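One structure below.
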Amino acid sequence: MSSQLSAVRGQQTANSRGGWLGRDFRTLKVWEKSHQLTLDVYKATVRFPRDELYGLTSQIRRACASIPANIAEGCGRSGDAELARFLQIAMGSASELEYHLLLAHDLGFLNHPDYEPLAERTVEIKRMLTSFIKRLRAAR
338 MSSQLSAVRG
348 QQTANSRGGW
358 LGRDFRTLKV
368 WEKSHQLTLD
378 VYKATVRFPR
388 DELYGLTSQI
398 RRACASIPAN
408 IAEGCGRSGD
418 AELARFLQIA
428 MGSASELEYH
438 LLLAHDLGFL
448 NHPDYEPLAE
458 RTVEIKRMLT
468 SFIKRLRAAR
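The opening residue of the sequence shown carries number 338 in the working numbering; numbering runs sequentially from there.
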């Protein structure tokens, strides 16, 4: 359990099966970072071409919002195995976001000064998710 705490700011209570009781997703650093990234991605995509609103703009926003949403949903499930499963889904969304950001950059919708920090933060979140998933699986 203590290895899991490096990914959280608050305290968690272990139950008899090694899961957490009363998990608050807002205490997870990875949730906090992915939520902030989502807010920043929404701001960055406002400048995308209007004809992309239901195309790439929507895809990027959905992929990005899916990351903190799946972290939150996993925290509401029972047990570490369920949490790990939802973290894995968040990882898939982060990978999708990583590609869509690259595509938006290559199409000229995101200039390099906007693209670079968003892409770097996405990779950081993927690393955090990978680490958290590994710790949860090792605790079984």
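Just so you know, even glycine gets a beta-carbon here, dropped at the ideal spot from N, CA and C.
All values reported here derive from a predicted model rather than from experimental measurement.
To the nearest whole angstrom, what separates the beta carbons of residue i and residue j, a pair I think is in contact under 8 Å?
{"i": "residue 431", "j": "residue 471", "result": "No, residue 431 and residue 471 are not in contact; Cβ-Cβ is about 16 Å, not under 8 Å."}
{"i": "residue 365", "j": "residue 397", "result": "About 23 Å separates the two Cβ atoms, so there is no contact after all."}
{"i": "residue 416", "j": "residue 424", "result": "Contact flag wrong, Cβ pair sits at about 13 Å."}
{"i": "residue 446", "j": "residue 386", "result": "7 Å"}
For the candidate residues the options, whose alpha-carbon lies nearest to that of residue i?
{"i": "residue 475", "options": "363, 418, 439 and 401", "result": "418"}
{"i": "residue 468", "options": "443, 440, 428 and 435", "result": "428"}
{"i": "residue 363", "options": "392, 460 and 408", "result": "408"}
If you draw a straight line from the alpha carbon of residue i to that of residue j, how long is it in whole angstroms?
{"i": "residue 361", "j": "residue 436", "result": "30 Å"}
{"i": "residue 465", "j": "residue 420", "result": "14 Å"}
{"i": "residue 439", "j": "residue 413", "result": "32 Å"}
{"i": "residue 490", "j": "residue 403", "result": "In this structure the chain extends from 338 to 477, so residue 490 is not present and cannot be described."}
{"i": "residue 451", "j": "residue 375", "result": "14 Å"}
{"i": "residue 382", "j": "residue 441", "result": "9 Å"}
{"i": "residue 399", "j": "residue 426", "result": "13 Å"}
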